[in-house]
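Let me begin by presenting the structure, written as structure tokens, before commenting on it.
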Amino acid sequence: MSALGLNDHHQTNIVQYLRFARYQRGQRLKSVLGCFDDIRDSRLKDEANFTIDEVEDLLADLEENVRTEVEAELINGGEVAPPPVPDVSELENKALLDRIREFEEAEFSGAGADARPHLAPVNDTGSTELLRQEIGRLHVQIGQLEERLQDAQIEAERLKTDKLDLARQLAQGVKGGDRLVRDLEKELERMRDDRREMRAQHSGLGPDEAEDELSRVRALLSLAEQELELKVSQTAPFRNLKQMLQKKNDQIKDLRRRLAQFEDDEEDDD
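UniProt numbering applies: residue 1 is where the sequence shown begins, and numbers increase by one.
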């Protein structure tokens, strides 16, 4: 039994009503204070002078707003919860009102909350344990999915970076390839000129001498081609293209291996 002589059910109802009444009272107080704030913000100006009529007008507006808010609170308090007492004179019982006020203060100050008994914890049962295990399993699964999502995001960023690098290398390779083609054309043209010049210089040679000179020119041409190929293989665009092709071949081999493994796993499942 509480200090008011109520059982637990009635005490719970009283506490709920008091909580609602405190909330309504707080809202009405905010409304009343808001009336003053509205007058202060909208009608009162810094360094403003008012006549008596203007002051009376301000007070009349403020009085009307406050009267409306207070009247609404009184009507709400009178209609929401009529007192279930047989004798209306009990509403002016100071001792009873003091006990109600003390009960409200104790209930909402924290002292009453500590004094109320707490429910004993429910013992673990088989269904509860299964539920806990399922929750734990779901937490683990969520963690794994989050890790996979993070790995997928990292892989997507890496692929995006690789794509940009390949595009840049390809652009550089195309530019370098065009320059290399021009250099090769110039080199071949120079070799043709040298060959024509040598033919013109040795046009009066005999068959044996001409054959020897032709062999020497062919040897020089082969040596020049080897030097040109070596120069091409040592250029940065050529190396980049070669590395890019090698990397693509490795990726294709890895994809084929993974595809074959995936097909083997499907056959085993069947």
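Idealized CB from N, CA, C, for every residue including glycine.
- Assigned with DSSP and collapsed to three states, residue 51 falls in coil, not helix or strand.
- One alpha carbon belongs to residue 184, the other to residue 260, and they sit about 44 angstroms apart.
- In the three-state reduction of the DSSP assignment, residue 160 falls in the helix class, which pools H, G and I.
- With respect to the C-alpha of residue 106, the residue from 222, 71 and 19 having the closest C-alpha is 19.
- Rounded to the nearest whole angstrom, the C-alpha separation of residue 217 and residue 226 is 14 angstroms.
- In this structure, the CA atom of residue 136 is about 10 angstroms from the CA atom of residue 129.
- Linking residue 252 to residue 246 through their CA atoms gives a straight-line distance of about 10 angstroms.
- Across the structure, residue 149 and residue 161 are spaced so that their CA atoms are roughly 18 angstroms apart.
- At the C-beta level, residue 55 and residue 32 stay beyond 8 angstroms of one another.
- By the neighbour-count definition (other C-beta atoms within 10 Å, threshold 16), residue 147 is an exposed residue.
- According to the DSSP assignment, residue 45 belongs to no alpha helix (DSSP H), since it is labelled neither H nor E.
- Residue 235 sits in coil when the DSSP states are folded into three classes, being neither helix nor strand.
- For residue 220, the closest alpha carbon among the candidates 189, 230, 61 and 195 is that of 195.
- Residue 170 places its beta carbon 8 angstroms or farther from that of residue 235.
- A direct Cα-Cα distance of roughly 57 angstroms separates residue 190 from residue 151.
- Residue 35 sits away from residue 59, with the two beta carbons spaced by 8 angstroms or more.
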